[in-house]
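Report on the structure given below.
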Ligand SMILES: NC(=O)c1ccc[n+]([C@@H]2O[C@H](COP(=O)([O-])OP(=O)(O)OC[C@H]3O[C@@H](n4cnc5c(N)ncnc54)[C@H](OP(=O)(O)O)[C@@H]3O)[C@@H](O)[C@H]2O)c1
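In this note's numbering, the protein residues as written are 734 to 994.
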């Protein structure tokens with residue numbers, strides 16, 4: 734049975750996106766799950782349907798493909814659905830330096846985390862505004878607050894997500910549609926395995942780390958209560974606030990030593 738609310742989550746096959754799927758299913762949302770790994774999505778869909786009795790549809794898409802967002806929007810329209818809750822979460826970080834990167838690889842980062850995110854936010858946001866209802870969570874990062882050399886394009890991309898989310902929220906909130914930039918710090922997911930930095934980051938003390946469920950809960954509550962920016966966890970909040978208070982020159986010096994994050 735279809736309920737009246739539908740959530741679309743990108744990057745639902747693992748980590749924060751997968752936990753968002755559980756959280757929103759628990760709230761009774763029917764789900765549209767987007768990622769590249771079909772088997773992962775199918776296993777998750779079976780679990781969510783069994784556990785929560787919600788309707789789950791899958792869109793196996795590579796968001797680095799420039800046509801993917803339009804295909805997603807078309808498919809949602811063809812299903813006759815509208816999106817009430819959008820989680821723009823899919824993402825990854827490259828490990829190599831700028832000079833050792835191919836433009837094609839850098840462009841994939843931009844396509845997945847900027848272009849696709851923006852396209853989906855605007856398409857579905859435009860449909861939410863006249864209905865006067867909707868929630869959008871764009872997953873940024875604590876890294877948005879300060880560049881580091883290790884961050885490559887990533888910190889710039891996440892700064893864009895933070896700023897674009899705030900701008901969109903300023904415009905949409907008058908119509909009852911809320912946008913939140915969720916800015917997690919180090920979170921236990923597959924992110925650092927994909928990046929190839931697991932060994933290095935696992936040496937960080939536990940105070941740096943959060944469970945994906947805690948991140949999701951903070952983001953969910955933030956968008957429901959109309960907070961445009963959510964930095965989950967006390968430690969991360971302090972780091973984010975400190976980054977914003979530091980003079981630019983000091984922030985640059987600390988960042989270039991890679992000592993802030
Ligand atoms: N974990 C952290 O410490 C941390 C901290 C701050 C911010 N974040 C942000 O949190 C978000 C989620 O990351 P996570 O930590 O949950 O990492 P994760 O466990 O590696 O999950 C990443 C998700 O993104 C999807 N994805 C990656 N590239 C994709 C593509 N080209 N097309 C479609 N889907 C794609 C993956 O699915 P498929 O591989 O199946 O496509 C997967 O579902 C990211 O935006 C990340 O930047 C993470």
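For every residue, glycine included, the Cβ atom is placed at its ideal position computed from N, Cα and C.
A quick note: this is a predicted structure, and the numbers were derived from the prediction, not measured.
- Not a single heavy atom of ligand 1 lies less than 6 Å from the C-beta of residue 877.
- Fewer than three Cβ pairs drawn from the segment 750 to 759 and the segment 847 to 859 lie within less than 8 Å of each other, which leaves the two stretches out of contact.
- Here the C-alpha atom of residue 769 lies approximately 12 Å from the C-alpha atom of residue 845.
- The C-beta distance from residue 923 to residue 890 rounds to 19 Å, too long to fall under 8 Å, and the pair is not in contact.
- Checking the 6 Å criterion, the Cβ of residue 939 is out of range of every heavy atom belonging to ligand 1.
- In chain order, 827, 885 place their CB closer than 8 Å to the CB of residue 834, counting only its own chain and leaving out the 5 sequence neighbours on each side.
- For residue 769, the shortest separation between its Cβ and any heavy atom of ligand 1 lies below 6 Å.
- Not one heavy atom of ligand 1 falls within 6 Å of the beta-carbon of residue 753.
- Sequence-distant partners of residue 951 (beyond 5 residues in either direction) whose C-beta falls short of 6 Å from its own C-beta, in its chain, are 963, 965.
- For residue 905, the secondary structure class from DSSP, reduced to helix, strand or coil, is helix.
- One thing to note: residue 988 has its Cβ within 7 Å of the Cβ of residue 880.
- Residue pairing by DSSP puts residue 871 in a beta bridge opposite 821, 914.
- Distances from the CB of residue 822 to the heavy atoms of ligand 1 include at least one below 6 Å.
- Straight-line measurement puts the Cα of residue 941 at about 6 Å from the Cα of residue 919.
- Taking C-beta atoms as the reference points, residue 744 and residue 823 count as a pair closer than 7 Å.
- Collapsing the DSSP output to three states places residue 881 in coil.
- DSSP links residue 790 through a beta bridge to 765.
- The Cβ neighbour count for residue 759, taken over all protein chains shown within 10 Å, is under 16; the residue is labelled exposed.
- In the DSSP annotation of this structure, the continuous segment of the beta strand (DSSP E) that includes residue 743 starts and ends at 739 to 743.
- Annotation: residue 797 is outside any alpha helix (DSSP H) and is labelled neither H nor E by DSSP.
- Under DSSP, no beta-bridge partner is assigned to residue 782.
- By the neighbour-count criterion, in which 16 or more other beta carbons inside 10 Å mark a residue as buried, residue 926 falls on the exposed side.
- Residue 832 places its beta carbon 7 Å or farther from that of residue 794.
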